[in-house]
Amino acid sequence: MKVGKLFFLVICCLLALTACGPTHMTKYEAFPKMYTERPLAILVLPPINETTAADAKEYYATTIAEPLSFSGYYVFPVEVISEIMKNEGLYDTEALLNLPPNKFKEYFGADAVMYIWIKKWSTSYYVIGGNVSVSIRSVIKSTGTGDDLWQYEGTIIEDTTVTSIGGGLAGLAVAVIATAVKTAATDYVPIAKRANYLILNTVPCGKYNPKHDKDREEKAVLEKVMRTRK
Amino acid sequence: MNRIHIILFLILSFIVGCATEPLYYWGNYSQTLYKYKKSPKEETLAAHKVCLVNIIEESNKRNKKIPPGVCCEYGYILLKEGKTDQALYYFEMEENNYPESKVFIDRLKKFTATNKEQ
């Protein structure tokens, strides 16, 4: 009887694992236009913040250049671009979205533009743990054809739980307080950076990365919900 | 905690950089830039400038290419401080390292020239 129950559980687990697994497409299957258009210079626009977290935009904007450069692309200095745009009166969301992509080729010589929408940026903590979750939609658009070359939409969750060091109830109480404090005063810069690294992992490598054009068969793991690993 | 972050970041750069060694040296870039954005004042700007110079120097020392945008960003700060000649020097460094930045750098150079005349 017990063995039967266990067997049943194992089958259930296996079914759940195969059913809810991430979509395993190759990078070429998922984003063929990245390989045919081969953009090199990518201009990252100031993120469009749809959340009430006022700082989310800055957290995101200051942590995107590094991972994108490691993917092998020329990344225009986000800070300089956003100041120039501000001078041109193009800082608000609508103005940016309405600008045709080929303008960025004309003004800056960009091959592609990266748009980012921050849909959710929330911090929560419960009795025995806490986390920060960030929902992002991001698109890389060609400035030549206006086509979408790459995109991602999903949620990144970072666990901010502090595991209890001491034993017993007292230890747990300390851990609960530590988690609450840590979640409330977390340094979001490294979290935003980890989220960016995870998301950009699906981008086919550009010219400056030795894997350029050699990663066609690599799996692009397009999970809706991803967790950063600590 | 910070040490763990650094180790994790290093591991991630290895994976994403797809090479035995990371492509670039970025130093403390995100942290100092964020602090400056969050509270733009003399000290935070000075700290970010130190970080940018450190990235340029360390990259040269380690025989790595300077990461994209860094020379340009430093030049732009110098330009705002009225140091046009130094600004041009860094703009040119960016263009030499990354020829694809030409259109953008030319735009900045033009801006620098009009700035100088005033």
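So the protein sequences, as listed, match chains A and B.
For the record, in the first sequence the residue sitting at position 152 is 151 according to numbering that gives the first Met the number 0, with numbers rising by one throughout.
For the record, in the second sequence the residue sitting at position 56 is 55 according to numbering that gives the first Met the number 0, with numbers rising by one throughout.
Each residue gets a CB set at the ideal place from its N, CA and C atoms; glycine is no exception.
Is any beta-carbon of chain B found at less than 9 angstroms from that of residue i?
| i | result |
| --- | --- |
| A/G108 | yes |
| A/E57 | yes |
| A/F69 | yes |
| A/Y27 | no |
Cβ closer than 9 angstroms: which chain B residues qualify as neighbours of residue i?
| i | result |
| --- | --- |
| A/S132 | The contacting residues do not exist; A/S132 stays about 18 angstroms from chain B at best. |
| A/P218 | Contrary to the premise, residue 218 of chain A reads as Lys rather than Pro in this sequence. Ordered by position in chain B, no residue passes the 9 angstroms Cβ test against A/K218, which lies about 14 angstroms from the chain. |
Check the Cβ of residue i against every Cβ in chain B and list those closer than 7 angstroms, keeping chain order.
| i | result |
| --- | --- |
| A/L39 | E99 |
| A/F103 | What A/F103 touches in chain B: nothing, since even the nearest Cβ is about 10 angstroms away. |
| A/T61 | S29, L32, Y33, K36 |
| A/F75 | G68, F103 |
| A/N97 | The premise fails here: A/N97 is roughly 21 angstroms from chain B at the closest Cβ pair, so nothing lies under 7 angstroms. |
| A/S137 | Ordered by position in chain B, no residue passes the 7 angstroms Cβ test against A/S137, which lies about 16 angstroms from the chain. |
| A/E78 | L32, E72 |
Within 10 Å of its beta-carbon, does residue i have 16 or more other beta-carbons around it, so buried, or fewer, so exposed?
| i | result |
| --- | --- |
| B/A45 | exposed |
| A/V188 | buried |
| A/A194 | buried |
| A/V43 | buried |
| A/P46 | buried |
| B/G68 | buried |
| A/K192 | buried |
| A/D110 | buried |
| A/L96 | exposed |
What does residue i touch in chain B if you count any residue whose Cβ is under 8 angstroms from its own?
| i | result |
| --- | --- |
| A/N48 | Those do not exist, as A/N48 stays about 13 angstroms from chain B at its closest Cβ, beyond 8 angstroms. |
| A/V188 | S29, Q30, Y33 |
Does DSSP put residue i in a helix, in a strand, or in coil?
| i | result |
| --- | --- |
| A/G153 | strand |
| A/N101 | helix |
| A/I115 | strand |
| B/Y23 | coil |
| A/H23 | strand |
| A/V202 | coil |
Should residue i be flagged as near chain A, meaning a C-beta pair shorter than 9 angstroms?
| i | result |
| --- | --- |
| B/E57 | no |
| B/C17 | Only weak support is given to the placement of B/C17: the predicted model assigns it a pLDDT of 47, under 50, and the value that follows is read from those uncertain coordinates. Yes - at least one Cβ of chain A is within 9 angstroms of the one on B/C17. |
| B/L77 | no |
| B/Y89 | no |
| B/R61 | no |
| B/K115 | no |
In chain A, which residues lie with their C-beta within 9 angstroms of the C-beta of residue i?
| i | result |
| --- | --- |
| B/P21 | F69 |
Decide if the region 84–95 of chain B is in contact with the region 89–107 of chain A; the criterion is three or more beta carbon pairs, one per stretch, under 8 angstroms apart.
-> With the cut-off at 8 angstroms, the region 84–95 of chain B and the region 89–107 of chain A do not touch.
Indicate whether the contact test is met: 3 or more Cβ pairs, each with one atom in the region 24–33 of chain A and one in the region 51–69 of chain A, closer than 8 angstroms.
-> Flag = no, the region 24–33 of chain A and the region 51–69 of chain A do not touch.
Report yes or no: do three or more beta-carbon pairs, one from the region 68–88 of chain A and one from the region 141–157 of chain A, lie closer than 8 angstroms?
-> No, the region 68–88 of chain A is not in contact with the region 141–157 of chain A.
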